[in-house]
Every structure is written in structure tokens, then in C-alpha cells.
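Shown next, in C-alpha cells, is the structure this report addresses.
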Amino acid sequence: MEATVTTANSEEKTWGGGNEPMGASYGKLMMWFFIVSDALTFSGFLAAYGFSRFKFIETWPLADEVFTHFPFMHGVSAPMYYVALMTFILIFSSVTMVLAVDAGHQMKKNKVIIYMFLTIIGGMIFVGSQAWEWKNFIKGEYGAIETKGGSLLQFVDKDGKRVALADFSASLHEGREQLKGNKAKWFMSEPSLPTYTVAEVQAGFKAHPDLLIRTEVIYEGDEAVAKDPKINHDLTKIKHKTVLTRAESEARLAQATFVVEGANLTRNEYGSKLFADFFFFITGFHGFHVVSGIIINIIIFFNVLLGTYEKRKSYEMVEKVGLYWHFVDLVWVFVFTVFYLV
Amino acid sequence: MSHDHVSNTKRIWFVFGLLSLVTTVEVILGIIKPEFLHLTKFLGMNLLNWIFYILTVFKAYYIVWAFMHMEGEKSSLRSAVVYPVVFLILYLLFILLTEGHYIYGVFKDSTIKWNF
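Read top to bottom, the protein sequences are chains F and A. Residue numbers for the first sequence follow our numbering, so the first one is 60 and each next one is one higher. Residue numbers for the second sequence follow our numbering, so the first one is 182 and each next one is one higher.
This is how it looks when you write it as C-alpha cells:
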């Protein structure tokens, strides 16, 4: 790369091309401006998430009750650990990327190859982890009931611990078979049916007098709710979901209309319907960026292997793709905070 | 462009350590959720969330400045990238969060029950 041209004493060269007004080559500058626009896109999504969360501030799901899985630890509630691991993987792949750029500056081809390879592997592990996270989110763990009014009811035992539908639902053998292609006309279809019917859950609830219902509402402990006779005040803690008394639980369950298992774009067992929509959309859009980053990295990786940049005597392409890769990491830092911490 | 071709490896590892440390602190705070932070409200948000957001911006600064090598760029490039983003994001957040809070109030005080 030639030294930056300044316009001070070379009037003729001003319009002759090769000018770098901000001291960065055309490609790099455009990468920066692409990042600016992409950053604004992501901020738009995250701000929309904040909008919906503020709108439903009293009933929004609590992240540490939703994301509790860790590989090989079944039934153990391990909030945060898995996503922290994912964050470390992505930060580390950012480090190997910046090391590749650094090695490129010194024209050390073999080092660039090694570090870019590690970066690609790190990105793939991250996307794989994200897929596992999605699988758990979609599958769900406990199941819930949706009422006629659209609110969500979850079940707890007498100690306030969550209980899964499978643990208490009665089996009435009244379930209907899902309408599938072989029995339907070509235009008929229906989504898969939940494992239990509403009546089975209601019957099971009646048969287990210890069970209570937990609503979506986050208990804030102000005066109006502190004396509410419908709330089980022994089990409800401040900043946690409200647990109802047995009598109120039965009254609420009579309003049940849907059995909700896991999550999809229509409803989810964690609470507010928008929560799953935003989760899928924002982490999905980020995952899409990671995937495209991996693909671009692979292309550049092969160019490095072929010696393209060695001949060009500049590894600036590695630097440009590095900018994109760091940006993906940067977005994750915010997604991590907004979805998992706050 | 006119970067010195000295190796920055030392600084890279330092920033990596810093980012890991901050993430670890965030995770620990997220698991424990100390009550005195979680229950104290300050400017419409509890202190714990303020800490999370400040640490996030701190991490973002180091990623952009050290990893994306913004510290080596000309100040015109720095300004052209950073100011529009910061200004527009703050503006967007202000508009949307205010509106979200307002709609929350509308639902809460309305005579129609919408979620029961």
C-alpha cells in the first residue's frame, strides 16, 4: 500500500484517483460503512425487543428460567453457563481473527493460515451451539396452559418448584389423532397436537391437590398485591413469578383453552408470545451473520492458501473480512446482554 | 493504512483477558443477582441492569478499538463511523422505550381486561 496521498500540494492528483480521504482504502471504508448500516439494523431489532418488553414489563419471561440447559447435565438447572461458554467461543474466535490480521501485516503466510483456520472452526462451534440452544428452546421442558384470555399458566408443587405436564396429567384416552396427508384432502393439514389435552391436564390437576399455578406476572411486592388473597404469599418471592392459592389456581385452570409445549412463532411455554418471536428472529439473524461470516472466511482462507495475497503483497482482504467477523462478535455482546442478563 | 508493521500480539491477548474477565463478572452477577443491586431502582432501571449495560458498552469499546483497530484509524474515519451510530441508537431507544412504557400504562389503566 502506498502512503496516504494528501491534497495539500498535489492539485493535479486530487481527481486522478487513488485518493484516500479517510486514510483507508475504498474497500475497507465501504466495509466500515456496511457495518454502520448493519449495526443500525440490529439496533432496530433490539430496540423493538425493548419496546415490546417495556410494553409487557410485568409479564415478560425471566431469562434464567428459560435458558437452563447445559450439555450432559440432564435435569440440572444451569442458567447462564451455556451461553457464557458460547460467548467465550465467539470472543476467542475474534482473537484468532485479529491474530490472523496481525500476522498478515507482517506477511507471515503460515501464521495467517493457522489463525484463520482456528477462526473458522470457532465460528462453526458457535453456530452448532446456537442450534443446540434453539433445539432446547423449541422442545421446552415443562409445558404450560394458555387461558381463554391469552395468559399463560405454569405449574409448581408445594415448594414452588416447576412441575412438568408429563408428571401429573391424567390419561383419558380421548386424544384425537393428528390429521395427516394420508387421511386428508390435499388442502387439509393441521399442526402437530400437544401430548395432552386440556381435559387431561385439568383432571390431573384435580387429582394432585398439592399442585399450584404460577402466572406470568412478576411479583413486585407493592401494597396492592401484598394483601391480595388470591396470591400464595409463602411461595411468591419479589421479582419472581406470582404463585396463586389452590382455590384461585382451580378457578384459573377452568379457563384453559390450549396446552402449550415448547415454543414456536405462535405461542411458547415461557410466557409472552413475542418473547419467542424476538428470540428466534434476533438470534437467528445473528446466526445468519455468523454463517455468512464463516463462508466469507473460508473463501479468504483458500485465497491465502493459494498465495493470492502473497502475490498482491498485501493481506488487506484478511483485514476486511476480520472487520466483519469482529462486528458479528460485537453484536453478540449486545444480544447476550439483552436476552440473557437483563 | 500506514500501520507500523510491529506485532500487536501482546495487546491482543491483554484485551482478550479483559473481555473474558468482564464476561465472567457479568455471568457471576447474572447468577447471583445480588438483592441490593437488583431491587434498587435508578432512573427507571435497576442498578444491576445498569451495570450490565455499562459493562456491555465497555466490551464493545474494546472490540471496536482494539480488535477492529479503530484506534489506528484517522479521527475523521472514527467520527464518521461512531457518531452516527451512537446518535441514532440513542434516538431510537429513546423513542421506542418511551412509547413502550406509555402503551404499558394504557393497558394497565384501561377498563378492558386484555390478559387474564
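We put the beta carbon where it would ideally sit given N, CA and C, even for glycine. Nothing here was measured: the structure is a model prediction, and the numbers come from that model.
Annotation: residue 204 of chain A to residue 256 of chain F spans about 43 Å, alpha carbon to alpha carbon. Setting aside the 5 residues that flank it on each side, residue 252 of chain F is surrounded in the same chain by 237, each with a C-beta closer than 6 Å to its C-beta; the list follows chain order. Linking residue 289 of chain A to residue 91 of chain F through their CA atoms gives a straight-line distance of about 44 Å. Under the DSSP assignment, residue 280 of chain A falls outside any beta strand (DSSP E), being part of the alpha helix (DSSP H) whose first and last residues are 256-290.
The DSSP assignment places 271-277 and 300-302 as complete runs of the beta strand (DSSP E) inside the region 253-310 of chain F, in order along the chain (cut-off: 3 residues).
When beta bridges are read from the DSSP output, residue 223 of chain A appears opposite A:226.
Beta-bridge annotation (DSSP): residue 213 of chain F is paired with F:273. Pairing residue 258 of chain A with residue 83 of chain F gives a Cβ-Cβ distance under 8 Å. The alpha carbon of residue 356 of chain F has as its nearest neighbour, out of F:138, F:176 and F:307, the alpha carbon of F:176. The Cβ-Cβ distance between residue 123 of chain F and residue 139 of chain F falls below 8 Å.
Listed along chain F is no residue with a C-beta nearer than 7 Å to that of residue 268 of chain A; the closest approach is about 11 Å. Straight-line spacing of the CA atoms in residue 301 of chain F and residue 297 of chain A works out to 14 Å. As computed with DSSP, residue 327 of chain F is found in a beta bridge with F:322. Given a length threshold of 4 residues, each whole run of the alpha helix (DSSP H) inside the region 107-132 of chain F is given here in chain order: 122-125. In this structure, the straight-line span from the alpha carbon of residue 126 of chain F to that of residue 265 of chain F is close to 30 Å. Spatial neighbours of residue 216 of chain F in its own chain (CB-CB distance under 7 Å, excluding positions within 5 residues in sequence) are listed in chain order as 222, 269 and 270.
Around the beta carbon of residue 190 of chain F, a 10 Å sphere encloses fewer than 16 other beta carbons of the protein chains shown; the residue is thus reported as exposed. Neighbours of residue 400 of chain F in chain A, taken as residues at a C-beta separation under 7 Å, are given in chain order as 207, 211 and 233.
Between the C-alpha atoms of residue 365 of chain F and residue 371 of chain F there is a straight-line separation of about 12 Å. Between residue 210 of chain F and residue 263 of chain F, the C-beta gap is not smaller than 8 Å, which leaves the two residues out of contact. Within the DSSP secondary-structure output, residue 212 of chain A pairs in no beta bridge. For residue 396 of chain F, the closest C-alpha among the options F:246, F:278, F:100 and F:342 is that of F:342. With a beta-carbon spacing of about 7 Å, residue 197 of chain A and residue 150 of chain F fall inside the 8 Å limit used to define contacts. Residue pairing for residue 221 of chain F: DSSP places it in a beta bridge opposite F:215. For the C-beta of residue 201 of chain A, the chain F residues within less than 8 Å are, from N- to C-terminus, 147 and 150. For residue 204 of chain F, the beta-bridge partners assigned by DSSP are F:212 and F:318. DSSP, read as helix, strand or coil, puts residue 385 of chain F in helix. Under the three-pair Cβ rule at 8 Å, the region 182-198 of chain F does not count as touching the region 238-251 of chain F. Contact of residue 218 of chain A with chain F is not assigned, every C-beta pair being separated by 8 Å or more. Distance from the Cα of residue 200 of chain F is smallest, within the candidate group F:133, F:188, F:248 and F:184, for F:133. Note that the C-beta distance between residue 208 of chain F and residue 224 of chain F is not below 8 Å. Under the three-state reduction of DSSP, residue 86 of chain F is assigned to helix.
In this structure, residue 218 of chain A and residue 202 of chain A do not form a Cβ contact; the two beta carbons are roughly 19 Å apart against a cut-off of 8 Å. In the pairwise beta carbon analysis, the region 300-318 of chain F is classified as not touching the region 92-111 of chain F: fewer than three pairs are separated by under 8 Å. Secondary structure note for residue 368 of chain F: its alpha helix (DSSP H) is the uninterrupted segment 367-371.
For residue 321 of chain F against residue 197 of chain F, the beta-carbon gap comes to about 5 Å, under 8 Å, which counts as contact.
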